[in-house]
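This report concerns only the one structure given below.
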Amino acid sequence: MENGYHVAVVGATGAVGTRMIEMLEQTTLPIKTVKLLASKRSAGKQLPFKGQLLTIEELVPESFEGIDLALFSAGGGISKIFAPEAVKRGAVVVDNTSHFRMDPEVPLVVPEVNKEALKEHKGIIANPNCSTIQMMVALEPIRQASGLERIIVSTYQAVSGAGASAIEELKTQAKDYLADKPADELTAEILPAGGDKKHYPIAFNALPQIDVFSDLDYTNEEWKMINETKKIMSDEAIKVVATCVRIPVVMGHSESVYIETKEETSVSAIKDLLKKAPGVVLQDDPSQQLYPQALTSIGKKETFVGRIRQDVDVKNGFHLWVVSDNLLKGAAWNSVQIAETLHEMNLVRV
Ligand code: NAP
Ligand code: 12T
């Protein structure tokens with residue numbers, strides 16, 4: 025790096041990519057140039073960056089000549105092919121897709137939790153799943169203080185996690201429904217999962233399927249939460265189970281999280297921990313009806329935690345409500361924060 029990095033954003037026109045550009049406008053990272061990459065369809069279009077218009081280029085292997093840092097968010101298939109091409113040309117890759125996450129050679133990082141894992145990188149660092157990230161930020165301080173025996177999580181996920189076209193699908197269905205179109209005539213082509221056989225309306229609905237079905241009738245999104253938690257917390261023994269549900273919210277994932285700690289603790293001890301925890305904002309005052317909400321999380325980098333209660337039967341059992349902007353801490357901000365952390369640790373090198 026000579027007084028600034030040459031940065032590339034892959035998938036710059038997408039729901040995540042556009043928020044990455046916004047995070048790069050705000051970052052403390054020294055940046056010399058930004059290159060925006062997408063498909064042929066977008067080549068030649070322009071997007072603003074710090075008051076200038078940058079022209080989008082078609083992604084090709086040579087796009088990475090002279091690039092120091094590449095942020096990928098254009099789908100797993102694109103990362104599989106092009107992340108190694110970027111590394112070959114000397115770039116460090118932060119990948120937002122699920123493609124490399126469980127590769128033992130690839131660190132899976134939430135900076136508040138396991139930034140030390142960055143030291144082992146061999147060119148590619150994986151950004152965890154959005155639902156996993158916010159849960160890790162909320163639970164790591166509790167794990168450090170009291171240990172974690174098990175986690176049972178149910179998610180209430182926004183459509184923006186499934187991309188810009190899923191946001192459009194919800195808006196169109198909502199408009200049609202409010203214009204008295206019968207529910208069974210709403211057009212559904214994307215959700216619950218782009219690659220699956222059947223599609224159902226998300227407007228005025230709740231769909232207990234995110235990504236496709238896999239082993240034991242859990243969905244891939246549920247397996248991601250299970251497997252990524254064990255990897256990030258470096259604890260294969262931690263019991264984790266998830267039910268992932270899509271709801272008709274545009275932005276902000278909400279989660280009902282039940283935990284059992286290894287050691288005895290209390291609601292007030294947990295609240296004290298979370299008040300000081302990095303990346304966490306405690307919003308917990310039932311007397312004022314204060315609790316985290318998807319709408320108020322939009323545009324914020326933090327993870328919001330509230331509704332903290334002791335279980336009524338299990339001594340070491342606690343319930344929490346955890347909310348974050350899925351496109352920021354869940355994707356774009358965590359990636360740029362990883363890049364900032366790599367810079368601070370002098371690790372922006374292959
Ligand atoms: P999106 O809104 O559909 O955007 C997709 C982006 O990928 C667009 O910029 C698109 O460019 C680009 N792209 C598609 N095909 C391409 C190709 N052949 N070559 C180059 N670029 C191509 O999707 P999104 O929500 O931003 O998500 C993108 C990816 O990020 C997802 O597939 C997922 O793997 C990952 N993601 C991760 C998380 C997380 O939990 N951390 C959350 C959401 C998404 P065009 O405009 O030119 O088509
Ligand atoms: N299917 O990067 O649909 O693992 O909300 C993130 C979000 C996959 C991922 C979603 C998904 C990922 C979604």
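Residue 25 is where the sequence shown starts when you use the numbering used here, and the numbers rise one by one after that. By construction, the Cβ of each residue, glycine as well, lies at the ideal position given by its N, Cα and C atoms. Every value quoted in this text rests on a predicted model; they were computed, and no experiment measured them.
First through last residue of the alpha helix (DSSP H) which encompasses residue i
i, result
"residue 296", "291-300"
"residue 161", "154-170"
"residue 359", "357-368"
"residue 228", "Looking at the DSSP string, residue 228 is not in any alpha helix (DSSP H), and its letter there is neither H nor E."
"residue 189", "188-202"
"residue 106", "100-112"
"residue 321", "318-321"
"residue 39", "39-50"
"residue 137", "135-138"
"residue 326", "That residue, residue 326, is in no alpha helix (DSSP H); it is neither H nor E in DSSP."
"residue 253", "244-256"
The ligand 12T heavy atom lying under 7 Å from the CB of residue i
i, result
"residue 150", "no"
"residue 248", "yes"
"residue 91", "no"
"residue 186", "yes"
"residue 153", "yes"
"residue 234", "yes"
"residue 326", "no"
"residue 158", "no"
"residue 179", "no"
"residue 42", "no"
"residue 251", "no"
"residue 287", "no"
"residue 121", "yes"
"residue 279", "no"
"residue 245", "yes"
Near the ligand NAP: residue i beta-carbon under 7 Å from a heavy atom
i, result
"residue 268", "no"
"residue 110", "no"
"residue 37", "yes"
"residue 62", "yes"
"residue 226", "no"
When the options are compared against residue i, the one with the closest alpha-carbon
i, options, result
"residue 266", "177, 124 and 141", "177"
"residue 47", "349, 357 and 363", "357"
"residue 123", "114, 100 and 109", "100"
"residue 194", "272, 150 and 153", "272"
"residue 191", "327, 218, 96 and 152", "218"
"residue 34", "115, 212 and 221", "115"
"residue 351", "247, 345, 335 and 323", "323"
"residue 327", "86, 164 and 150", "164"
"residue 138", "313, 204, 302 and 346", "302"
"residue 313", "297, 332 and 292", "332"
"residue 407", "342, 251 and 318", "Coverage of the chain is limited to positions 25 through 374, which leaves residue 407 absent and any answer about it impossible."
"residue 373", "76, 93, 242 and 169", "93"
"residue 147", "207, 113 and 242", "113"
"residue 43", "317, 367, 363 and 359", "359"
"residue 161", "367, 365 and 346", "346"
"residue 319", "181, 364 and 337", "181"
"residue 297", "187, 170 and 287", "170"
Assigned exposure category for residue i - 16 Cβ within 10 Å defines buried
i, result
"residue 70", "exposed"
"residue 74", "exposed"
"residue 65", "exposed"
"residue 143", "exposed"
"residue 90", "exposed"
"residue 246", "buried"
"residue 369", "exposed"
"residue 183", "buried"
"residue 97", "buried"
"residue 118", "buried"
"residue 105", "exposed"
"residue 237", "exposed"
Element boundaries [beta strand (DSSP E), containing residue i]
i, result
"residue 22", "Limits of the chain in this structure are 25 at one end and 374 at the other, which puts residue 22 out of reach."
"residue 304", "304-306"
"residue 209", "Careful: residue 209 lies outside any beta strand (DSSP E) and carries neither H nor E."
"residue 279", "277-285"
"residue 265", "263-270"
**Message:** Any contact between the segment 256-268 and the segment 129-149? By contact I mean 3 or more CB pairs, one from each, below 8 Å.
**Reply:** yes
**the segment 299-313 / the segment 276-287 touching (three or more Cβ pairs under 8 Å)** = no
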